[in-house]
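Below you can see the structure in the form of structure tokens.
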């Protein structure tokens, strides 16, 4: 694979643009503390995210990591500590899109709240960490990027300081996050002890050269702890308990951000670590177990627990939170389906699902943000009859929910279809079980998503509502997310090709 040598800062331009945007927001706040110019703050935040998006798309168009039109290959930075390839750019795009949508929606949602400059700065800093995670190629840089993402996220969840639920959610998120970080770092130390390396490529070489012979148990325990750290970041069972509490207590745009962008960032490091550092054939011989089996179990349990829990919820936000856990189970199929001979099809399908999920799930949570802006309650019953006063927003909600359920011809159907066919193509008994679990859980999800559609479109309102405002930022973000959920259908060919090629490059 060709390596394209650029100055260090150039390859990480999408992440560095986000970092510069965060600093610009700090400067704006220092010049005019507690500025009432929320349009400037939201505009700077959204512009920075869109600039990051533009650079990432430009890099992909130039063929970075794919040997494209200009013959460019992987951008290798700082002696391999960071690698900007097609997979990194793909997930940088997902993070930038979600960040831009959340920034625009927050213009209205945060209108009456203090600490607006801090809010947008923390949002962009968290996005910076997520973009850096996409390119990290060492267990050390992965951990640093992970913490750069996590620390602002804890503060964002608790930023509504006068809201007891927000502060409590932030504290719970922080405590569980600290525990998961400790587990992850301990796993890193065990892998280093067994192999003598932290860079992912070097770990793979050490394993192939039998450096870790005699340390199979140590290596296996380290891999298990790494899986635990990734499971927390992606809200996978059994490290999912923080998600419903954090999503319900956080400002709804932050719930959208964490459940979409943060989840995608967690998956990109899991994809990179397990495809690069731990070759299946060698690792299986050393630890006496195929690590894909762990992901098969995680995928089935996570999608089942998430969907069954979502079906029992009475509050809309908690339903979406448990639904996001179920979708983490779907994306785990990308790791469960890896084989010694490859697995780029199933991993590419998981990457496609995370892109579509970034639009449909973010849009669904932003509708909840709109409902909270209107002062609507938390339960399904509180949403009754909203379509009578807000038909456009409720139509968009229907698109999001039916796409999440996998109803054709929306984007969510095609991403699940590719996941299903990818799982079937592996051909093993375990992956056939995973494919069956995908179908069963998708059918179950239609039940609880339909409950909300029924509430807003069919049920009569239980309260008399005044005319509902139509906030520009929230409506713009919701409508754009809905349009993209539909428009992705004709673009699925090139999107799927890009995702599969990106997956093939790292496997």
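Residue numbers (UniProt numbering): 1 to 507. Glycine included, each C-beta is placed from N, C-alpha and C at the ideal position.
Alpha-carbon spacing of residue i relative to residue j, whole angstroms
{"i": "residue 327", "j": "residue 423", "result": "15 Å"}
{"i": "residue 181", "j": "residue 173", "result": "12 Å"}
{"i": "residue 246", "j": "residue 170", "result": "6 Å"}
{"i": "residue 370", "j": "residue 320", "result": "15 Å"}
{"i": "residue 399", "j": "residue 408", "result": "11 Å"}
{"i": "residue 373", "j": "residue 253", "result": "11 Å"}
{"i": "residue 466", "j": "residue 165", "result": "27 Å"}
{"i": "residue 401", "j": "residue 383", "result": "14 Å"}
{"i": "residue 219", "j": "residue 286", "result": "8 Å"}
{"i": "residue 419", "j": "residue 29", "result": "45 Å"}
{"i": "residue 33", "j": "residue 116", "result": "10 Å"}
{"i": "residue 293", "j": "residue 232", "result": "18 Å"}
{"i": "residue 190", "j": "residue 272", "result": "19 Å"}
Cut-off 8 Å between Cβ atoms - residues of its own chain near residue i, not counting five sequence neighbours on either side
{"i": "residue 81", "result": "136, 137, 138, 140, 141, 199"}
{"i": "residue 511", "result": "What is shown of the chain runs 1 to 507, which leaves residue 511 out entirely."}
{"i": "residue 356", "result": "403, 411, 412, 414, 415, 485, 488"}
{"i": "residue 241", "result": "176"}
{"i": "residue 17", "result": "48, 51, 52, 55"}
{"i": "residue 278", "result": "203, 204, 207, 223, 291"}
{"i": "residue 296", "result": "336, 430, 431, 433, 434"}
{"i": "residue 426", "result": "337, 339, 343, 346"}
Sequence-distant residues of the same chain with beta carbon closer than 6 Å to residue i, five excluded per side
{"i": "residue 126", "result": "149, 152, 153"}
{"i": "residue 502", "result": "86, 87, 90"}
{"i": "residue 275", "result": "506, 507"}
{"i": "residue 394", "result": "386, 387, 456"}
{"i": "residue 484", "result": "359"}
{"i": "residue 497", "result": "none"}
{"i": "residue 389", "result": "468"}
{"i": "residue 134", "result": "88, 91, 92, 268"}
{"i": "residue 129", "result": "145, 148, 149"}
{"i": "residue 215", "result": "194"}
{"i": "residue 19", "result": "128"}
{"i": "residue 255", "result": "247, 365"}
As assigned by DSSP and simplified to three states, the class of residue i
{"i": "residue 289", "result": "coil"}
{"i": "residue 442", "result": "helix"}
{"i": "residue 463", "result": "coil"}
{"i": "residue 241", "result": "coil"}
{"i": "residue 77", "result": "strand"}
{"i": "residue 161", "result": "coil"}
{"i": "residue 116", "result": "helix"}
{"i": "residue 136", "result": "strand"}
{"i": "residue 395", "result": "helix"}
{"i": "residue 205", "result": "helix"}
{"i": "residue 82", "result": "strand"}
{"i": "residue 428", "result": "coil"}
{"i": "residue 379", "result": "strand"}
{"i": "residue 128", "result": "helix"}
{"i": "residue 312", "result": "coil"}
{"i": "residue 339", "result": "strand"}
heavy atom of the ligand SAH below 7 Å from residue i C-beta
{"i": "residue 59", "result": "Of ligands this structure carries none, so the ligand SAH is not represented either."}
Cβ shell of residue i (< 7 Å), same chain only, five flanking positions each side left out
{"i": "residue 406", "result": "412, 413, 416, 442"}
{"i": "residue 380", "result": "314, 316, 451, 452, 455"}
{"i": "residue 45", "result": "21, 25, 103, 120, 123, 124"}
{"i": "residue 58", "result": "none"}
{"i": "residue 437", "result": "300, 303, 304"}
Classification of residue i by the beta-carbon crowding that lies within 10 angstroms, buried from 16 upward
{"i": "residue 184", "result": "buried"}
{"i": "residue 61", "result": "exposed"}
{"i": "residue 458", "result": "exposed"}
{"i": "residue 291", "result": "buried"}
{"i": "residue 78", "result": "exposed"}
{"i": "residue 337", "result": "buried"}
{"i": "residue 42", "result": "buried"}
{"i": "residue 11", "result": "buried"}
{"i": "residue 500", "result": "buried"}
{"i": "residue 366", "result": "buried"}
{"i": "residue 187", "result": "buried"}
{"i": "residue 217", "result": "exposed"}
{"i": "residue 375", "result": "exposed"}
{"i": "residue 421", "result": "exposed"}
{"i": "residue 440", "result": "exposed"}
{"i": "residue 463", "result": "exposed"}
Check whether the region 275 to 291 touches the region 191 to 205, counting contact only when three or more Cβ pairs, one atom from each stretch, lie closer than 8 Å. The region 275 to 291 is in contact with the region 191 to 205.
For the region 295 to 313 against the region 435 to 450, are there 3 or more C-beta pairs whose distance is under 8 Å? They touch, by the three-pair rule.
Does the region 92 to 111 touch the region 467 to 483, meaning 3 or more C-beta pairs lie closer than 8 Å? A contact exists between the region 467 to 483 and the region 92 to 111.
Quick one: any contact between the region 237 to 246 and the region 108 to 122, if contact means 3 or more CB pairs under 8 Å? With the cut-off at 8 Å, the region 237 to 246 and the region 108 to 122 do not touch.
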